[in-house]
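Student: FYI, my numbering numbers position 42 of the sequence shown as 90, with every residue one higher than the one before it. The structure's right below; bear with me while I get my questions together.
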Amino acid sequence: MRDRPLTELEAECFGASHAELGAYLMGLWGLDEDVIDSIAGHHCPLQTNPIRPVPIVVYAANALDHQLSAGPMEATAAAVETAVLRHLNIADRFAEWELNCRRLRQEADGRAT
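Put into structure tokens, the structure is as follows:
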């Protein structure tokens, strides 16, 4: 069960994922289409049609957050779909951004103690 994606487990248990439910709720509240698509596609933005930059940027930020929370860089690099990052021409910079975020987090942790 742990090897299955969270969205798959949510859909099995609740009939929809948190991304789908969040997007539906934002639609009810009348939010902009880019916001709705960003929420709906924050795990798979290339499935939105047409493919737009804002959902991909949100995907990249979400993926980076998940990677930073998951542990060592080597263990999490496979979690990001490079096709998505290539769509925005950021694939070659993503690893550097992750390194910078990890460095900033370590610096912040050092100041907090």
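Glycine included, C-beta positions come from ideal geometry on N, C-alpha and C.
1. When the distance is taken between beta carbons, is Leu57 closer than 8 Å to Ile104?
2. Would Gln154 be called buried (16 or more neighbouring beta carbons within 10 Å of its own) or exposed?
3. Look up Val102 in the DSSP assignment and say whether it is helix, strand or coil.
4. Whose C-alpha, out of Ile99, Arg52, His66, Ser65, is nearest the C-alpha of Glu81?
5. Between the Cα of Thr130 and those of Ser65, Pro93, Asp85, spot the shortest distance and give me the residue it belongs to.
6. For Leu73, count neighbouring C-beta atoms within 10 Å of its own C-beta (all shown protein chains included) and say buried if the count is 16 or more, exposed if not.
Tutor: Walking through what the data contain:
1. no
2. exposed
3. helix
4. Ile99
5. Pro93
6. exposed
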